[in-house]
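For the sequence shown, full-length UniProt numbering gives the first residue as 1, with consecutive numbering after it.
Shown next, in structure tokens, is the structure this report addresses.
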Amino acid sequence: MSHNTNTSIESTPIAESGPWAVVGEHPNAVTNRFYTYECVQDIVAFIQRLVPTKPEVAIICGSGLGGLADLIVDKIVIPYSEIPHFPKSTVVGHRSNLVFGTLNGLYAVCMQGRFHSYEGYTTAMCAFPVRVMHMLGARSLVVTCAAGGLNKDYSVGDIMLIKDHLNLPSFAGNNPLIGHNDERFGPRFPPVGHAYDRQYIMKMKEIAGKYNLQLREGVYCGLGGPCYETIAEINMLRLLGGDAVGMSTVHEVTLAAHCGFRTLGIALITNKCLSDYNTTYEAVHEDVIRISELKADELQQLIFDFVDVLKNNDPENQH
Numbered sequence: 001m002s003h004n005t006n007t008s009i010e011s012t013p014i015a016e017s018g019p020w021a022v023v024g025e026h027p028n029a030v031t032n033r034f035y036t037y038e039c040v041q042d043i044v045a046f047i048q049r050l051v052p053t054k055p056e057v058a059i060i061c062g063s064g065l066g067g068l069a070d071l072i073v074d075k076i077v078i079p080y081s082e083i084p085h086f087p088k089s090t091v092v093g094h095r096s097n098l099v100f101g102t103l104n105g106l107y108a109v110c111m112q113g114r115f116h117s118y119e120g121y122t123t124a125m126c127a128f129p130v131r132v133m134h135m136l137g138a139r140s141l142v143v144t145c146a147a148g149g150l151n152k153d154y155s156v157g158d159i160m161l162i163k164d165h166l167n168l169p170s171f172a173g174n175n176p177l178i179g180h181n182d183e184r185f186g187p188r189f190p191p192v193g194h195a196y197d198r199q200y201i202m203k204m205k206e207i208a209g210k211y212n213l214q215l216r217e218g219v220y221c222g223l224g225g226p227c228y229e230t231i232a233e234i235n236m237l238r239l240l241g242g243d244a245v246g247m248s249t250v251h252e253v254t255l256a257a258h259c260g261f262r263t264l265g266i267a268l269i270t271n272k273c274l275s276d277y278n279t280t281y282e283a284v285h286e287d288v289i290r291i292s293e294l295k296a297d298e299l300q301q302l303i304f305d306f307v308d309v310l311k312n313n314d315p316e317n318q319h
């Protein structure tokens, strides 16, 4: 069911006195000053009035993969536009809903549509819903995304388990944690070397084995977008050890590591990256959506079965 509910929590500008309250202040610092622990608590309290059950798993749906929420039963759908302080997803293939309900016996919250920095949002704003889902009670996070295949051995339609990432915006000083750190969210200097849970990766490989499905395992490169990469950029990312490239995920996983989520990352390879200057082919978003929809059932079945693993094995005790 869908809710149309007015709230007494009024959205206010990110910075009261303009885009930057202090000359030279980083936009992420402004965002994080706005999305205080208390602000996130207010958002959570609003959601809990509509959804009394605590979710145990959180899922972020990538381009064309929002159909995963259709597997949820006894749904409660809350449009982002009705949640105080929530931005909206503006990208084709991304709906703008938080979906709550039971997925294969486990209560879940699913983001149908994520936020990207190329939409004009700071990376901190792109990622802050992760904190909302964690504060709601979820402790396991499944992040899905569409990605271009950097690895020359990959084919369109391959599913890659993300074992690590290259956060290129962070290289350029655009980390979503810039600004004041509230220890109630997590530590000032969080480790992210094991942001992608190895046990979760192994469990997903076991699940894929039941279907005789080969999963890739590789490094995801997160860029800002919205342009697809140049051939020179593709060659650089390959030299750096990248296997897939996209415009999302790394901000969310950084905040997930900060607040203590156990994370499984899955990238669907929707196009092969250009490597030949003589080719006439160019990546287009319509192809990304088309391939995502073709492979959606396969990926959704894997996640459906993975939730059963979480249900039967308390994630809090798997260390």
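Where a beta carbon is used, it is the ideal one built from N, C-alpha and C, also for glycine.
In terms of Cα proximity to L65, the closest of E183, E298 and L177 is E298. Within the DSSP secondary-structure output, L161 pairs in a beta bridge with E217 and I266. Here H116 has V91, C126, G225, M247 and S248 as same chain residues with Cβ atoms under 7 Å from its own Cβ, once five neighbours each way along the sequence are excluded. No residue range can be given for L150, since it is assigned to no beta strand (DSSP E) and is classified by DSSP as neither H nor E.
If you keep only unbroken beta strand (DSSP E) runs of at least 3 residues inside the stretch 243–294, you get 244–246 and 262–272. Distance from the CA atom of V142 to the CA atom of I59, rounded to whole angstroms, is 5 Å.
N313 sits in coil when the DSSP states are folded into three classes, being neither helix nor strand. In its chain, beyond the 5 residues on either side, G137 have a beta carbon closer than 6 Å to the beta carbon of K54. The residue from N167, E229, M133 and Y277 with its alpha-carbon nearest to that of F185 is M133.
By the Cβ test, the stretch 196–208 is not in contact with the stretch 273–290, since fewer than three Cβ pairs between them sit closer than 8 Å. Take Q301, set aside five residues on each side of it, and the residues of its chain with a beta-carbon closer than 8 Å to its own are Y211, in chain order. Per DSSP, F100 lies in no alpha helix (DSSP H) segment; the continuous beta strand (DSSP E) that holds it begins and ends at N97 to L103. I72 places its beta carbon less than 8 Å from that of L103.
DSSP, reduced to helix, strand and coil, places Y154 outside both helices and strands of the structure shown, so it counts as coil. In its chain, beyond the 5 residues on either side, G105 and L106 have a beta carbon closer than 6 Å to the beta carbon of K311.
Judged by DSSP secondary structure, A124 falls within the alpha helix (DSSP H) whose first and last residues are T123 to L136.
Partner residues in the beta bridge of N167, as assigned by DSSP, are G222. For L150 and H180, the gap between their C-alpha atoms comes out near 36 Å.
In the pairwise beta carbon analysis, the stretch 159–168 is classified as touching the stretch 239–246: at least three pairs are separated by under 8 Å.
The bridge partners DSSP lists for P79 are N97. Under the three-state reduction of DSSP, Y37 is assigned to helix. Cα atoms of I303 and D158: separation of roughly 15 Å, rounded to the nearest angstrom. Taking C-alpha positions only, R198 is separated from G62 by approximately 21 Å.
Remark: C-beta atoms of T31 and T122 approach each other more closely than 8 Å.
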